[in-house]
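Okay, structure first, notes after.
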Amino acid sequence: MDPPSYEEASRQPPALPIAAFNAPPPAYDASLSSPPTPPPPIAVVSQPQPVPIAVEYLRGAPGLVRCPHCSHLVTSKVTHVPGTAAWCWCVILAMEYCMLICGFCLIPLMVQGMQDTHHSCPQCGNPLHVHKR
Ligand SMILES: [Zn+2]
Numbered sequence: 001m002d003p004p005s006y007e008e009a010s011r012q013p014p015a016l017p018i019a020a021f022n023a024p025p026p027a028y029d030a031s032l033s034s035p036p037t038p039p040p041p042i043a044v045v046s047q048p049q050p051v052p053i054a055v056e057y058l059r060g061a062p063g064l065v066r067c068p069h070c071s072h073l074v075t076s077k078v079t080h081v082p083g084t085a086a087w088c089w090c091v092i093l094a095m096e097y098c099m100l101i102c103g104f105c106l107i108p109l110m111v112q113g114m115q116d117t118h119h120s121c122p123q124c125g126n127p128l129h130v131h132k133r
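Per UniProt numbering, the very first residue in the sequence shown carries number 1; after that it's consecutive.
Structure (structure tokens):
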């Protein structure tokens, strides 16, 4: 038997297994479903207790301390105030350079690294410590 010519083959739709498309989807078999996932294990994470430091060890940044006035565990509130070092530099710069650039001597008063750090309690407002530069 001769194979069909090109015209005959192109006129006829390809023989598709239509039955496969009309077949219903496989029935959902509940027995095949995976068992319910167990609840995730509850991780018990214990936070390490924060350890307050002594007020004498407060430096240029806020620190966790126990206020000696109200006995609360607080993070100290800091304010920066120009200290002795800043004023000394201010005087030195004033004597050396303020003839050239006025206001130059005020820079040490604005530099945070030259300022004293005043720690106070945010609960009761009492001063805790002054870290001098
Ligand atoms: Zn306090």
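For each residue, glycine too, the CB sits at the ideal point set by N, CA and C.
If you count every other CB in all the chains shown that lies within 10 Å of the CB of residue i, and 16 or more means buried, which is it?
i	result
H129	buried
G113	exposed
G83	buried
P108	buried
T79	exposed
DSSP beta-bridge partners for residue i?
i	result
L64	T75
H118	T79, V130
I53	V65
Tell me which residue opens and which closes the alpha helix (DSSP H) that residue i is part of.
i	result
V91	84–97
In the DSSP assignment, the beta strand (DSSP E) including residue i goes from what residue to what residue?
i	result
P127	127–131
Does DSSP put residue i in a helix, a strand or coil?
i	result
I101	coil
I42	coil
P108	helix
R59	coil
Checklist entry - Who's in the neighbourhood of ligand 1, going by beta-carbon under 5 Å from any heavy atom, listed in chain order? => result C67, H69, C70, C121, Q123, C124
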